[in-house]
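Undergrad: Here the sequence shown stands for residues 2 to 343, numbered as in the working numbering. For every residue, glycine included, the Cβ atom is placed at its ideal position computed from N, Cα and C.
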Amino acid sequence: MTLRVSFGSDNHSGVHPQVMDAIAGANEAYVHAYGGDPFTRRAIASFREIFGQHVEVVFTFNGTGGNVVSLGSVCRPWESVICAESAHINSDECGAPERIAGVKLVPVATADGKLSPDLVLPYLTGFGVEHHAQPRVISVSQVSEYGTVYSVEELRALSDLAHEHNMLLHVDGARFANAVARVGCSASEMFAQGGIDVLTFGGTKNGMLFGEAVVVADGVSREVLHFVRKQSGQLASKMRYVSAQFSAMFEEGLWLRCASHANEMAARLAEGARALGIEITQAVEANEIFAILSPEVIPALSEQFGFYTWNEARREVRWVTSWSTRSEDVDELISALRDAMA
């Protein structure tokens, strides 16, 4: 079904025109395959300008693949990953991290999708005991699946806890750009000062056609990174079409402009919904809004505006804005909500 506008997911939006132009620009002449091309070298250089000159960067097709490569490259088969129960790696990746990366996921219940040292600490047990999977990674989603954002200090507290136990901090950054835009720091500050060891950096939800990146911090072993990517089916032969997109996104800060706009549209929608007396269940800190609606208005509105019910028992829906969401689209949804509630 084709929708005129959708608040169902930032994956529903199209490709930013500058990104599409970059793909077309890469579609000329002959270059070496599997990343041995000037487009990939340029994109990696851009990542190093943003995250630090000593990071290692590899590109993948999608977010699930990026998470599999991230976790599979730093964990051995008897090691475990502690994550929020709502984390994408636990709830929306069909068991890929466990089946393909071969790690055990240990989910932790949270109220807002975010982990804290107090929540994680009870799970840091069994070290050196051969009967138990060995804790190796704390994994967080930035932005969380509930639209909430970790501050640099919150990330640092988790990374300090991980490092105290000879563990690593992984960040599933499908919406990392939205988090950076929200916090107002630089990407390098969030990455380095937050103590992030491995980052899955998202592009698809922020205006790209496809493609994510795995960014590995200095001092973290990269010995098996490229082999894990290949074995996981995430090594693109025509890598230039992924790489060229990232170069376009980083040019003149397009990636942050797209994310900032999405955040602004979410704030506009949340403000309008609250003015109608609609309950917003989570803090609106990026581009996702969770709201309680009467069950009789949900079917028609969700069909018209492309969103879905997040929690049927609570009548909680999720709205997501993107780089292409217009203020008039937001106002149209608010007007439809007003009419439906009347």
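Run through DSSP, which three-state label would Gln194 get?
TA: The answer is helix: DSSP assigns Gln194 an H, G or I state.
Undergrad: Kindly confirm or deny that the stretch 92-111 and the stretch 260-276 touch, where touching means at least three C-beta pairs closer than 8 Å.
TA: No: the two stretches stay apart, fewer than three of their Cβ pairs being nearer than 8 Å.
Undergrad: Does DSSP put His132 in a helix, in a strand, or in coil?
TA: DSSP places His132 in coil when its eight states are reduced to three.
Undergrad: What number of angstroms, rounded off, separates the C-alpha of Leu162 from the C-alpha of Pro39?
TA: Approximately 40 Å, taken between the alpha carbons.
Undergrad: Suppose you measure from the CA of Arg5 to the CA of Gly127; what does that come to, to the nearest Å?
TA: When rounded, the distance between both Cα atoms is 53 Å.
Undergrad: Evaluate contact between the stretch 275-288 and the stretch 190-205, counting only Cβ atoms and requiring at least three cross-stretch pairs below 8 Å.
TA: The stretch 275-288 is not in contact with the stretch 190-205.
Undergrad: Short check: CB of Val153 to CB of Val184, under 8 Å?
TA: Yes. Within cutoff.
Undergrad: For the alpha helix (DSSP H) that Ile335 lies in, which residues bound it at each end?
TA: Start and end: Ser328 to Met342.
Undergrad: Kindly indicate which three-state DSSP category Pro296 falls into: helix, strand or coil?
TA: It is coil, neither helix nor strand.
Undergrad: Quick test of the definition: if touching needs 3 or more C-beta pairs under 8 Å, does the stretch 217-231 touch the stretch 51-71?
TA: Output reads yes: the stretch 51-71 touches the stretch 217-231.
Undergrad: Considering only DSSP beta bridges, list what Gly203 is partnered with.
TA: Answer is Glu213.
Undergrad: What is the residue span of the beta strand (DSSP E) that Thr310 lies within?
TA: Segment Tyr309 to Asn312, the beta strand (DSSP E) holding Thr310.
Undergrad: What separation, rounded to the nearest whole angstrom, lies between the Cα atoms of Arg77 and His164?
TA: Straight-line Cα distance between these residues: approximately 17 Å.
Undergrad: As a quick exercise: from Ser140, Pro118, Leu106 and Ser145, pick the residue whose alpha carbon is nearest that of His133.
TA: The option with the nearest alpha carbon to His133 is Leu106.
Undergrad: Is it right to say Ser295 is buried, meaning 16 or more other beta carbons lie within 10 angstroms of its own, or is it exposed?
TA: Burial call: exposed.
Undergrad: Could you give the distance in angstroms between the alpha-carbon of Ser323 and the alpha-carbon of Asn264?
TA: Distance between the alpha carbons of Ser323 and Asn264: 8 Å.
Undergrad: Can at least three beta-carbon pairs, one atom from the stretch 234-250 and one from the stretch 303-311, be found at a separation below 8 Å?
TA: Short answer: they don't touch.
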